[in-house]
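Worksheet: the structure to be examined is printed underneath.
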Amino acid sequence: MSGSEFFSSRPSSGSDFDQPSGVIDRSRVLVRWTLREGKDPAPVTEAIRQAGLVPVRSDEPRTLAEGARTRIAIVDMDVPEATGMLMVLSNSVRAIIALASDDQQDQSAMRCGADQTVRWPVSVETLALHIKRAVKWLDSFEQERERAEKQAVLARADSVQHVAGMMAQELYGPVSVASTNIKMLQQQMVEERAARQVRWDQLQELVDDVSSAVGSMNHIIAEMRTLARVGAQPAEPVCVADVVRDAIAAAPNPRRVPVELEVVTDQRAMANQELLERVLRGLLAHAFAWTSTTLTPRVKVRIYTDAGEVRVSVRDNGPGVTAQDRERIFEPSFAASISPGSISLAVCRELVARMGGVLTIASGGPGTCLRVRLVPG
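For the sequence shown, my numbering assigns the number 3 to the initial residue and increments by one for each residue that follows.
Following this line, the structure appears as structure tokens:
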């Protein structure tokens with residue numbers, strides 16, 4: 003196994019390179035190395051210099067890995083506790099070269115996190131070649147990191163654009179209502195001033211409509227701020243049943259619509275607890291609103307697993323959603339009779355997506371059934 007090499011895309015816990023070009027500045031990269039006492043360090047230091055890097059001797063794992071500029075470590079497997087050093091280094095140094103005296107040390111080094119092994123004694127040319135290969139891999143790693151960062155920036159820009167467009171569409175309706183009613187109010191005031199007569203009931207109705215529209219706008223703006231602030235959320239295993247119970251208890255239910263909870267599985271799911279509860283409150287608000295014309299309304303929430311997912315379904319016994327509305331129910335412009343203060347289904351879907359899940363509408367069955375589909379935790 004002498005001279006074997008293997009590079010993994012191991013992330014570093016330290017800071018990344020400062021070079022914006024995707025190519026490492028060799029003069030700023032340190033190669034820390036350690037040798038058993040009594041061995042000649044000349045081949046190691048000369049090989050590092052031939053690769054255009056800076057050699058720094060360190061005999062402790064802590065000093066081997068310290069410093070943001072340390073990207074390559076060379077460890078002599080004859081050093082006491084060399085395997086422990088490798089395991090420590092594997093968490094912080096991108097490329098590790100082990101100097102091994104036999105096949106057993108080769109195998110031990112690779113198991114403990116070394117990326118390459120070189121048989122000792124080693125020539126300057128051979129070690130320099132391995133170091134240059136490490137640098138080439140680091141160049142590639144840096145370019146890939148920058149590419150990923152650029153993609154993340156572009157994805158964030160697309161997300162912001164999507165949210166902005168979504169909210170602009172949602173704001174259009176209440177803004178139009180407020181604008182129209184204000185114009186009518188102004189016209190009516192002119193007419194009543196001329197007639198010296200005030201129709202208070204009509205004025206009150208117009209003012210109430212404007213107030214309701216302004217309230218809707220404030221709510222949509224609050225949604226926009228939530229989406230802008232939230233971003234992609236790191237998911238963690240959560241007890242879905244507990245979150246559902248909290249959502250049922252917190253969701254406004256002025257008509258006291260009965261809610262049945264069926265827990266088929268206690269499997270945890272990867273989610274953000276606060277966001278998941280907010281989404282479920284929104285789905286419940288929609289279910290309550292969709293049963294407003296039902297003589298004996300009821301809502302059923304079911305937690306179960308299917309197709310490798312943890313799912314939460316919210317089903318009502320209302321009239322259901324038409325086939326036409328089913329296609330556009332998650333569009334920002336979709337208008338439905340929803341209780342004030344609830345978040346739209348477009349926003350619910352966006353929040354679920356930011357937790358790594360999917361929000362869908364089920365086909366078939368009575369009423370409307372919305373499903374939150376999450377990754378098991």
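Idealized CB from N, CA, C, for every residue including glycine.
Going by alpha carbons, who is nearest to residue i out of the options?
i      : options                        : result
Asp269 : Asp308, Gly367, Ser94          : Note on residue identity: the sequence assigns Gln, not Asp, to residue 269. The shortest C-alpha separation from Gln269 is found at Asp308.
Gln275 : Leu297, Val242, Pro299         : Val242
Ala111 : Ala150, Ala273, Thr85          : Thr85
Ala97  : Cys114, Ser103, Leu205         : Cys114
Arg50  : Val354, Ile223, Asp203, Arg135 : According to the sequence as given, residue 50 is Ile; it is not Arg. Residue Arg135 is the option with its Cα nearest to Ile50.
Val56  : Arg73, Gly40, Asp42            : Arg73
Gln206 : Ala291, Val259, Asn183, Glu262 : Asn183
Asn220 : Val90, Ile99, Val177           : Val177
Val90  : Ala75, Arg330, Gly358, Tyr306  : Ala75
Val259 : Lys185, Ala287, Ser181         : Ala287
Val377 : Gly367, Thr362, Gly358, Cys371 : Gly358
Ser214 : Leu173, Val360, Glu39, Asp248  : Leu173
Report buried or exposed for residue i, applying the criterion of at least 16 other Cβ atoms within 10 angstroms of its Cβ.
i      : result
Gln107 : buried
Val266 : exposed
Arg317 : buried
Asp78  : buried
Arg257 : exposed
Pro299 : buried
Pro254 : exposed
Glu352 : buried
Ser60  : buried
Asp105 : exposed
Met87  : buried
Arg280 : buried
Measure the C-alpha to C-alpha separation of residue i and residue j and round it to an integer number of angstroms.
i      : j      : result
Glu144 : Val95  : 14 Å
Asp210 : Ala271 : 43 Å
Val212 : Glu238 : 43 Å
Glu193 : Val179 : 21 Å
Asp80  : Ala150 : 39 Å
Gly369 : Asp203 : 38 Å
Glu83  : Glu264 : 56 Å
Val312 : Trp35  : 49 Å
Ser315 : Ala364 : 9 Å
Val261 : Ile250 : 8 Å
Ser341 : Arg375 : Because Ser341 sits at a pLDDT of 49, beneath the cut-off of 50, its placement in the model cannot be relied upon, and the following sentence gives the value as read from the coordinates. Between Ser341 and Arg375, the C-alpha separation is close to 24 Å.
Asp117 : Arg38  : 20 Å
Tyr306 : Arg373 : 11 Å
Thr296 : Ala273 : 33 Å
Gly24  : Ala325 : Its pLDDT being 33, under 50, Gly24 is placed unreliably in this model, and the value from its coordinates should be taken loosely. If I take the Cα positions, the gap works out to 51 Å.
Given a cut-off of 8 Å, decide if residue j and residue i are closer than it, judged by their beta-carbon atoms.
i      : j      : result
Gly310 : Thr293 : no
Leu282 : Val323 : no
Gly284 : Ile345 : yes
Val301 : Phe290 : yes
Pro43  : Ser125 : no
Leu208 : Val240 : no
Ala252 : Val137 : no
Could you confirm whether any beta carbon from chain B is found closer than 8 Å to the beta carbon of residue i?
i      : result
Ser213 : Looking at the structure shown, chain B is missing, and only one protein chain is on hand.
Per DSSP, what kind of secondary structure is residue i in: helix, strand or coil?
i      : result
Thr362 : strand
Trp35  : strand
Gln269 : coil
Arg373 : strand
Ala100 : strand
Trp286 : Just to set this straight, residue 286 is Leu in the shown sequence, not Trp. DSSP places Leu286 in helix when its eight states are reduced to three.
Asp78  : strand
Ser315 : strand
Leu297 : coil
Lys138 : helix
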